[in-house]
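Enquirer:
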Amino acid sequence: MFIRVGLLFLLSALLFGLLAAIQYIVPGAGKDIFSFEKLRPLHVSSAVFWILMTAMGAVLTFLQEINQFSLKSIRIQKIQFYLFSFSFIAIIISYCFGIFGGREYWEFQPVFSIPIILGWVLFLSLFFSNNKTLKDKPVYLWMWATGVIFLLFTYCESNLWVIPGIRNRLVQDMTIQWKSYGSMVGAWNMLVYGSSIYLMDKIVGNQKYSRSNMAFGLFFLSLFNLMFNWGHHIYTLPTAQYTHIIGYAVSMTELFILGRIIYLWRQSLTFDNRKQHIHAYWFLYAADIWVFVNLGLAIAMSVPALNIYMHGTHIIVAHTMGTTIGINTMLLLACAFEIIGGRDTTVSIKPNFKFAFLTTNISLAVFFISLLLAGIAKSYWQFNEPSLPYGAMINTLRPYFYVFFAAGTCLTIGFVLLIVPLLRTKHKIMPDGISALTEK
Amino acid sequence: MSNYQWKMSVFIGLIVLYAIYTTVLYFREYKEALPADKLAQTGKIIWQQKNCVACHQLYGLGGHLGPDLTNVYGHKGAPYIKAFLQSGTQVMPNYHLSESEMQALISFLKYTNSTGIADPNTFTQHPYGTISAQ
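For the record, the sequence lines run as chains Z and A.
Numbering-wise, our numbering comes out as the position in the first sequence, counting from 1, plus 7.
So in our numbering, spot 42 of the second sequence is number 36, and the numbers just go up one at a time.
Here it is as structure tokens:
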């Protein structure tokens, strides 16, 4: 259920994303009904809810494949599901009525944080009641444990602004806000990447990688980045200089990950048993390429002297879109197809899937490049034409926005073609406890 | 030391470092000398309730449909800001703000202007890729 509701949030993110993009090509269109300050949070929060719901669904499903849940755990899981579903849906409705009160990315009234925090606490208790120790466990269990702990902590931290002593000091407030956001993204990535490693184990048919020293080395490197690299978000904020230096230095350790991807490029794309998990394999393949592209950009953005040319421009938007769509969404769709779609015994890709998959990835590439070009043009304006009014500068970016909108439309069509058949599949539980399905 | 103990030591070591870093950041003295005054504090709440950050940025963080407003008070002044708040623009709706709400928002933007300079043009680049504000 988590994954099906997650897929609905993905559809919602696509719909509101397209509506928001219209504002860039027809300024002010429908501003009195659905102005941008409503559409942006509707789009962004839907995307975040898609990632969170599906990541939780993947972790819980895979945990049940490892250890059958007790009846008590299943009850807790249901409560957790309803807490998140109802609060996320209520948040979306509140945005439609223009009810805000929070900050960027969590713009809702802080009262909604109560059921969300309760949901994280239940997730934490559910995880640790089914995994009493991490001794002799593969890396994905360490990653899930870390993700669950840090999601709870960073979510609470992101709400510290409700304390007037913090809220009323802008620089302190923004420092803590971006500290929490940076680590929170790292935390949900732990859930998503951990699930992908579990999935790759299933595809390969052994746990050689997930128990290797290299896997644990990369896990600790990712954890180190989760904790300390967030300073690269706030290089221009006049906060403590050491947060910038720590963020810069720690971010550069990602060069090791990038180098490893290049070195192992061919090996990482070949799995002996891929034909039995063909849909998941294709999404993992796409994510591998998007990791490479986005990690390269992320490392460049983490160098302060380069960051000032990119900060506050559409280059950052390109990076955000590239990571949430190209990496997170591709990996989560791999999990969704594996869990809802089950093992594909036909060992073939249907033409519709192939068309939708290619449409999605090619559109995303065009979408990504158009945002990069718009960002470069905005950066040029910031440094060379500051006297040109903002509105006039935005007008000069319009050709890029037309391409961005056209690519966004194709991207939406591609995703709809992938998601709708998945949502229409009928779920049944196989006798061995592993989920499978039959199509209607 | 067993493999598990080694992994757990690294894990706990990182958690301890993170806890120290977090504590320092929560309790360090921030450069901004005084918290925002009462009117600016109200302005910040209105800023959040109207979700201004969806379109505007502070220190380059926020939406891209409108300009960065960190230093708009210093560059353009209160009457300029008020004109936009009163009637909106082609893209920005008229929020029909009361006089006191507009004054609170202007006071908040006066406060953001006092906290620093957001223009990336004003940063100096150093060898090894670091930067500093002028």
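Where is the CB? At the ideal position from N, CA and C, for every residue including glycine.
Helix, strand or coil, according to DSSP, for Ala54/Z in the structure here?
Expert: helix
Enquirer: Taking all protein chains shown into account, decide if Gly212/Z is buried (16 or more other Cβ within 10 angstroms of its Cβ) or exposed.
Expert: exposed
Enquirer: Kindly say whether Leu141/Z, judged by its beta-carbon, lies nearer than 9 Å to any beta-carbon of chain A.
Expert: Interface residue, yes.
Enquirer: Enumerate in chain order the residues of its own chain whose CB-to-CB distance from Ser459/Z is below 8 Å, with the five nearest sequence positions on each side excluded.
Expert: Because chain Z spans 8 through 447 in this model, residue 459/Z falls outside it and cannot be assessed.
Enquirer: Let me see if you follow: with CB-CB separation under 9 Å, is Lys70/A close to chain Z or not?
Expert: Taking Cβ atoms only, chain Z never reaches closer than 9 Å to Lys70/A, which makes this a no.
Enquirer: If contact means a Cβ-Cβ distance below 7 Å, which residues of the stretch 110 to 123 of chain A contact chain Z?
Expert: Gly110, Ala112, Pro114, Asn115, Phe117, Gln119 and Gly123
Enquirer: The alpha helix (DSSP H) spanning Gln248/Z covers which residue range?
Expert: Gln248 to Met259
Enquirer: For Arg110/Z, which beta-bridge partners are listed by DSSP?
Expert: Trp113/Z
Enquirer: Could you check whether Leu159/Z and Val192/Z sit closer than 9 Å to each other, using their CB atoms as the reference points?
Expert: no
Enquirer: Could you check which residue in Gly154/Z, Ile183/Z and Asn175/Z has the C-alpha nearest to that of Asn166/Z?
Expert: Ile183/Z
Enquirer: Nearest to His58/A by CA position, among Leu198/Z, Ser377/Z, Lys385/Z and Glu392/Z, is which residue?
Expert: Lys385/Z
Enquirer: In the DSSP output, which residue or residues are listed as bridge partners for Thr118/A?
Expert: Ser126/A
Enquirer: Look at the Cβ atom of Glu164/Z, then the Cβ atom of Thr16/A, and state whether they are nearer than 9 Å.
Expert: yes
Enquirer: In whole angstroms, what is the alpha-carbon distance linking Asn359/Z and Leu63/A?
Expert: 47 Å
Enquirer: With a cut-off of 8 Å on the beta carbons, I'd call Ala62/Z and Leu339/Z a contact; round off their distance for me.
Expert: 7 Å
Enquirer: Threshold first: 4 residues or longer. Then list the alpha helix (DSSP H) segments lying entirely within the stretch 362 to 409 of chain Z, N to C.
Expert: As far as the stretch 362 to 409 of chain Z is concerned, its whole alpha helix (DSSP H) runs of at least 4 residues are 397 to 403.
Enquirer: Provide the residue span of the alpha helix (DSSP H) that contains Val324/Z, from first to last.
Expert: His321 to Met328
Enquirer: Against Pro73/A, what residues of chain B qualify as contacts under a CB-to-CB distance less than 7 Å, listed in chain order?
Expert: Note that chain B does not occur in the displayed structure, where the protein chains are Z and A.
Enquirer: On the DSSP letters alone, give me the boundaries of the alpha helix (DSSP H) that Pro87/A sits inside.
Expert: Where Pro87/A is concerned, there is no enclosing alpha helix (DSSP H), given that its DSSP letter is neither H nor E.
Enquirer: Given that Ala312/Z touches chain A, what residues does it touch there, using C-beta distances under 8 Å?
Expert: Gln119, His120, Gly123, Thr124 and Ile125
Enquirer: Could you tell me the distance, in whole angstroms, from the CA atom of Leu365/Z to the CA atom of Ile29/Z?
Expert: 24 Å
Enquirer: Taking Cβ positions, are Gly348/Z and Thr432/Z nearer each other than 9 Å?
Expert: yes
Enquirer: If Ala381/Z sits next to Tyr407/Z, beta carbons under 8 Å apart, how far is it from one beta carbon to the other, in whole angstroms?
Expert: With 8 Å as the limit, Ala381/Z and Tyr407/Z qualify as a contact, their Cβ atoms being about 4 Å apart.
Enquirer: Give the C-beta separation of Gly368/Z and Ile334/Z to the nearest angstrom, bearing in mind that I take them to be a contact with Cβ-Cβ under 8 Å.
Expert: The sequence shown places Asn at residue 368/Z, not Gly. Not confirmed; about 12 Å, so no contact.
Enquirer: Given a cut-off of 9 Å, decide if Ser217/Z and Cys342/Z are closer than it, judged by their beta-carbon atoms.
Expert: no
Enquirer: Taking the beta carbon of His251/Z as the centre, do at least 16 other beta carbons fall within 10 Å, making it buried, or is it exposed?
Expert: buried
Enquirer: Give me the Cα-Cα distance between Leu141/Z and Met2/A, rounded to the nearest whole angstrom.
Expert: 9 Å
Enquirer: From which residue to which residue does the alpha helix (DSSP H) around Arg11/Z run?
Expert: Phe9 to Ile32
Enquirer: If I follow the unbroken alpha helix (DSSP H) through Gly37/Z, where does it start and stop?
Expert: Following the DSSP letters along the chain, one finds Gly37/Z in no alpha helix (DSSP H), marked with neither H nor E.
Enquirer: Is the separation between the beta-carbon of Leu21/Z and that of Phe422/Z shorter than 9 Å?
Expert: yes
Enquirer: Is DSSP giving Asp62/A helix, strand or coil here?
Expert: strand
Enquirer: Excluding sequence positions up to five away, which residues of its chain have a Cβ less than 6 Å from the Cβ of Tyr205/Z?
Expert: Phe69 and Tyr147
Enquirer: Chain Z partners of Gln51/A, CB-CB under 9 Å?
Expert: Gly319
Enquirer: Using a C-beta to C-beta distance shorter than 9 Å, which residues of chain Z count as neighbours of Ala30/A?
Expert: Arg174, Asn175, Arg176 and Leu177
Enquirer: For the stretch 380 to 395 of chain Z, list every residue whose C-beta sits within 7 Å of some C-beta in chain A, in sequence order.
Expert: Gln389, Phe390 and Pro393
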